[in-house]
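In what follows, a structure is listed as structure tokens, so that the remarks can point back to it.
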Amino acid sequence: MPTISVDKAALFKELGREYTTQEFDELCFEFGIELDEDTTDTDRPIVDGVQEPPQLKIEIPANRYDMLCFEGIQLMLNIFLGRKPIPNYRLVEPSSGQLEKIVVKEDTTKVRPYVSGAILRNVKFDQARYESFIALQDKLHQNLARQRTLVAIGTHDLDTIQGPFTYNALSPKNFSFVPLNQTKELNGEELMAFYEKDKNLGKYLHIVRDSPVYPVIHDSNNTICSLPPIINGNHSKISVNTTNVFIEMTGLDKTKLEIVNRVMVTMFSQYTAEPFTIEPIQIVSEHNGETRVVPDISPRTTQAEISFINQCCGLNLSATEISDLLKKMSYDARPSANNPDLVDVDIPPTRADVLHQADIMEDVAIAYGFNKLPRSFPNISGTIGQPLPINKLSDIVRTEAAMAGWSEALPLILCSHDENFAWLNRKDDGNTAVKLANPKTLEFQVVRTSLLPGLLKTIRENKHHTVPMKIFEVSDVAFKDLELERKSRNERHFAAAWYGRTSGFEVVHGLLDRMMAMLKSAFITAEEGLESTAANDSQYWIEELDDPTYFPGHAASIHLRIGGKEHNIGTFGILHPTVLEKYELKYPVSTLELNIETFL
Amino acid sequence: MADLTSPILDALSSTDAPILSSDAFPSTPSLSVKSALDRLASRQMVEYDTIEREVVGLTGEGEQIVAGGSHEAKVFEAVAAAMDGLKITELPGIVGKDNAKVGQGNAFKRGWIKKDQDRLRTNTESIVDETRELLLTVQKTQALDNQKTLAELKKRKLVALQKVINFKISKGPKYAREFVKEETDLTSEMLVNGSWKTASFKPYNFKAKGAPTPSGAFHPLNKVRQEFRSIFFEMGFEEMPTNRYVETGFWNFDALFVPQQHPARDLQDTFYISDPVQADPPREDPLNDPHRPKSAQPVSRAYKENEKPLDFKAYWDNVREVHQNGKYGSVGYRYPWNADESLRLVLRTHTTSISTYVLHKLAANPRPARFFSIDRVFRNEAVDATHLAEFHQIEGVIADFDLTLGGLIGFMEVFFAKMGIHQLRFKPAYNPYTEPSMEIFGYHEGLGKWVEIGNSGMFRPEMLEPMGLPKDMRVYGWGLSLERPTMIKYGVSNIRELLGHKVDLGFIESNPAVRLEKD
């Protein structure tokens with residue numbers, strides 16, 4: 005969630021009263037934003053000899069783009085508190101009657117196809133408003149615009165440039181300009197090199213760098229306004245004294261482009277000479293049929309079902325009551341003239357988050373107060389509680405292992421490729437393990453195919469513990485399985501490890517016998533087998549195993565005959581000393597690992 | 049080792065004054081004396097004080113000098129015994145190599161011998177072996193007053209300081225001449241021979257702990273997990289088949305109405321799979337797939353008979369449509385939806401992917417249902433004290449017709465009361481797949497403040513209706529991590545002390561039983 009810092013005194017002035025930290029926290033809580041910090045009693049930074057005034061740091065839900073600035077927070081809270089009416093945003097054409105234009109060239113489709121924009125006439129900035137204007141662009145770039153990939157905003161002093169404007173895509177060598185706050189003119193290539201190491205801008209270069217053409221907006225005198233999404237030109241730079249602001253935005257996502265436009269103009273049209281007026285511009289984009297007048301700030305008109313709202317909230321509100329509650333959330337709503345079960349709702353241009361009547365229903369509930377809703381207990385609809393069968397089986401195995409004196413470990417499921425293969429003297433045949441594409445560390449390269457790495461690491465980290473150590477785990481490993489939709493499957497394993505001065509081979513073998521007995525499986529030896537075949541439907545035996553994970557002559561495979569079918573369900577043995585060396589273990593270790601799904 | 053208890057009692061019999069162990073048992077090691085004294089003292093037959101002092105004792109070399117003279121004296125004697133002086137090269141053969149080296153030097157220093165070309169000759173008629181005299185005194189008195197000499201002898205490693213423990217012993221309140229052997233335990237032998245009737249039993253030490261009992265243990269986190277599972281079972285919930293770590297973009301995100309540009313889908317947050325490469329579009333699981341959930345096979349036969357087959361192609365198309373163009377009364381996100389993005393394989397970032405899978409199965413026969421799961425999820429996060437790349441998610445789902453928000457709040461009150469949290473409040477929040485979304489805060493008595501304990505909400509129509517669930521079916525979903533409440537309850541500050549291979553086995557073995565409603 006984005007966090008916005010606002011000046012405490014200024015906000016409370018706008019809200020018409022002082023709040024204690026706790027009171028303001030309550031207000032935020034009810035509305036659904038979160039007061040993260042009140043810096044009043046902290047060591048606030050001193051800039052140019054003046055200590056920063058107390059700030060409120062407020063966390064904003066990720067879909068409330070309109071509240072990513074002081075203007076939005078104060079406006080929405082004031083409307084919520086009933087202190088301000090819902091703004092009536094209006095488009096006002098220039099007195100000339102001629103709309104400003106951006107003409108889009110077809111080459112832009114190769115790099116960044118969409119452009120939009122607007123003009124704020126007669127804006128009155130002051131230092132705080134100006135900083136907020138800059139900060140909102142930054143917040144939108146970070147969040148909705150996904151680090152400027154989807155949308156990038158440029159703002160300009162309209163009085164320094166001359167429309168109509170052109171949005172073009174040019175070869176990096178074929179244009180040059182002085183970037184914002186620089187003095188030297190650079191072409192596209194030089195500019196990439198110049199900002200390569202820049203802490204703020206360096207991370208955006210990749211968006212266009214490798215494209216044969218770079219997007220450029222220039223005016224009718226060929227003055228370059230911006231190279232989106234990297235940087236504006238110094239020529240049209242805005243300042244606190246700018247009164248006519250040309251806002252342009254370019255991007256890959258049409259919907260988000262217009263959301264960004266609406267947020268920018270609705271928030272800062274508060275400061276135009278006649279508040280909430282915006283001058284539209286024309287986008288001329290014949291090649292892709294995107295010619296239009298922007299921004300569209302008309303409310304989205306929809307309807308919401310009163311029965312749906314009341315049913316979900318557990319309330320019995322009238323259409324009028326619902327309309328009144330919605331007004332607190334900045335909607336213009338009224339009972340529908342022709343259907344008693346509907347309210348007509350105008351969704352303001354600020355509320356890009358409203359997609360469905362469920363969103364409107366939620367806002368009714370928020371305006372009513374979540375914590376005031378009548379509480380009930382949902383019907384007991386005759387559902388039946390039951391465990392997942394594999395988990396129930398796991399619990400049996402876990403319980404038996406613990407009762408036999410073994411302690412349960414809970415290591416991680418991800419591990420390094422070496423831990424899963426080379427360190428166990430196992431080879432990766434390429435068809436076994438699920439591999440991760442983007443781990444941050446070597447610790448997380450594959451999903452384990454064996455429980456052994458986790459158990460051995462647990463022992464390694466617990467060498468201070470008395471010996472013998474006896475630990476176990478019952479959990480899932482995963483394998484590639486190209487037959488399945490997800491190309492992989494989990495498998496539930498039981499594994500145990502002994503660490504002591506002696507090998508513990510027989511102890512681990514004994515644990516296997518105990519577990520098999522508890523799972524009603526009889527041990528078949530040459531003699532016993534003859535006796536038990538008829539008596540049980542499940543039998544097991546072990547065979548000497550040649551496996552490089554284990555010490556030669558001290559390993560066995562475990563075989564199960566169940567329901568007439570034979571399965572090789574696992575192995576046990578003394579670990580090979582080279583395995584111990586890799587895992588930095590000083591004493592002998594015997595392990596047991598088997599697939600328990602056969603017992604389901 | 050001889051039992052000293054009787055000699056001690058004997059030694060005390062003739063006097064009421066304390067005796068010293070160094071007088072009474074000069075040659076017995078102090079450890080033996082102490083063990084006998086402890087036995088007697090435990091029955092209050094004697095009382096004793098321990099007196100520690102330092103004495104000067106001879107080293108092995110010092111003992112040799114007392115017995116045979118100092119090295120220099122030996123050298124002098126050897127030279128004196130020779131008829132016509134002694135060839136220097138012959139000296140080691142007579143007095144030994146070590147004696148020759150040290151002794152020759154000391155004898156020169158004292159002026160006892162002189163050198164005459166390659167021979168040694170005596171320089172005096174007779175000598176006094178002071179070193180030996182000194183050591184003799186030390187042996188007798190176990191002390192040496194002259195600190196300078198003492199330091200010199202210590203340096204020559206002829207004497208050393210030793211600690212001597214002495215006991216001052218006196219009669220205790222229960223002193224008796226006879227030490228009656230006390231039995232420590234009732235044995236089968238005593239039952240057979242009847243000696244238990246006359247035997248005297250040593251008092252049991254009620255202040256000490258009993259013998260440690262060898263024991264296995266469950267992992268603390270799994271104990272908390274079991275408590276939560278019990279709560280779910282008590283409330284009629286069926287466990288979901290979460291044994292599926294690898295998911296597709298479709299099930300983990302798209303089906304939950306998480307847009308394809310959502311930050312949660314960044315490489316920074318989600319583990320993507322490089323091998324295997326790409327998933328198939330959603331389809332029915334093979335009939336013999338052991339992971340087919342029970343919910344696909346309802347307990348009640350009546351439900352089974354009403355089942356209609358699921359149309360996976362329609363589901364896929366509906367999901368695309370609701371994202372791209374909007375559907376079911378939603379305007380959608382209005383962006384070009386990419387099928388390949390949906391077929392990317394990921395490690396599930398939440399178990400809600402499984403809830404989605406189960407709810408889709410429920411659409412075959414929509415009916416009231418309650419599901420839960422507690423299992424591992426994966427996030428590509430930087431590891432620190434409160435974040436691991438893996439943790440457990442607890443998730444509950446209730447599907448029913450005409451559920452209300454107040455019902456969700458009411459349910460949460462009962463659910464959390466079962467784990468001892470009695471004061472809840474709810475904050476509006478945002479989550480792409482629930483609307484309304486409520487963060488649950490519980491009042492923590494110990495911390496004296498409200499803490500966030502979970503997230504909840506009603507799943508969005510954009511998530512449910514593409515599955516084919518009816519419009520009036522509402523579904524609650526809520527979730528919390530297993531680690532966070534465990535850390536708060538048990539004051540664990542670092543998640544790595546709770547999950548993973550760095551967890552202390554001692555902690556696992558000694559962690560008490562978990563009783564959420566009481567702890």
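Residue numbers (this note's numbering), protein chains in the order written: chain A, 5 to 604; chain S, 49 to 567. Don't be surprised by glycine CBs; every beta carbon is placed ideally from N, CA and C. All of these numbers come straight from a predicted model, not from anything done at the bench.
If you look at residue 405(S), you'll find it in the alpha helix (DSSP H) that goes 400-410. Residues of the same chain with a CB within less than 6 Å of the CB of residue 139(S), apart from the 5 flanking positions on each side, are 148 in chain order. Counting the other CB atoms within 10 Å of its CB gives residue 53(A) a total below 16, which places it among the exposed residues. Boundaries of the alpha helix (DSSP H) harbouring residue 154(S): 145-157, taken from the DSSP string. According to the DSSP secondary-structure assignment, residue 521(S) is paired through a beta bridge with 449(S).
Flagged as an interface residue toward chain A: residue 448(S), by a C-beta distance shorter than 8 Å.
Looking at the DSSP output, residue 482(S) sits in a beta bridge with 479(S) and 507(S).
Cβ contact annotation for residue 356(S) (same chain, cutoff 8 Å, sequence separation greater than five): 412 and 413, in chain order. Chain-ordered, the chain A residues with CB closer than 7 Å to the CB of residue 550(S) read 465. The Cβ-Cβ distance between residue 509(S) and residue 381(S) does not fall below 8 Å. Annotated three-state conformation of residue 410(A) is coil, per DSSP.
Listed in chain order, the alpha helix (DSSP H) runs fully inside the region 307-370 of chain A are 310-317 and 323-332, counting runs of at least 4 residues. Ranking 313(A), 300(A), 456(A) and 360(A) by CA distance to the CA of residue 370(S) puts 360(A) first. Residue 182(A) is outside the set of residues whose beta carbon lies under 8 Å from a beta carbon in chain S. The contact set of residue 492(A) on chain S, defined by CB atoms closer than 7 Å, consists of 294 and 324 in chain order. In the three-state DSSP reduction, residue 247(S) falls in the coil class, being neither helix nor strand. In the DSSP annotation of this structure, the continuous segment of the alpha helix (DSSP H) that includes residue 236(S) starts and ends at 236-241. Its chain contains 205 and 206 as the residues whose beta carbon lies nearer than 7 Å to that of residue 109(S), once the 5 sequence neighbours on both sides are disregarded; these appear in chain order. Residue 270(A): member of the alpha helix (DSSP H) spanning 258-272, first to last residue. In this structure residue 265(A) is in contact with residue 122(A), their Cβ atoms being roughly 6 Å apart against a cut-off of 8 Å. When Cβ-Cβ separations below 8 Å define contact, residue 473(A) makes contact with chain S. With respect to the 8 Å criterion, residue 602(A) and residue 571(A) are classified as neighbours on the basis of their beta carbons. In the DSSP assignment, residue 469(A) is bridged to no other residue. What residue 112(S) touches in chain A, judged by beta-carbon distance under 7 Å, is nothing: the nearest beta carbon there is about 42 Å away. A residue is called buried once 16 or more other Cβ atoms fall within 10 Å of its Cβ, and residue 468(A), having fewer, is exposed. With fewer than 16 neighbouring CB atoms inside 10 Å of its own CB, residue 90(S) falls in the exposed class. Counting only runs of at least 3 residues, the region 50-104 of chain A fully encloses the following beta strand (DSSP E) elements, listed from N- to C-terminal order: 59-63. Beta bridge pairing from DSSP links residue 527(S) with 443(S) and 503(S). Contact note: residue 517(S) does not reach chain A at a C-beta cutoff of 9 Å; the least C-beta distance is about 14 Å. Around the CB of residue 245(S), fewer than 16 other CB atoms lie within 10 Å, so the residue is classed as exposed. With respect to chain A, the C-beta atom of residue 263(S) has a partner C-beta closer than 8 Å.
DSSP, read as helix, strand or coil, puts residue 500(A) in strand. Close CB contacts of residue 184(S) within its chain, under the 7 Å cut and outside five residues either way in sequence, are with 114 (chain order). Positions of the beta strand (DSSP E) runs, each at least 3 residues long and wholly inside the region 422-496 of chain A, are given as 473-484 in order along the chain.
When the beta-carbon positions are compared, residue 126(A) and residue 276(A) come within less than 8 Å of each other. Under a 10 Å Cβ-count criterion, residue 423(S) is classified as buried, with 16 or more other Cβ atoms of the shown protein chains found around its own Cβ.
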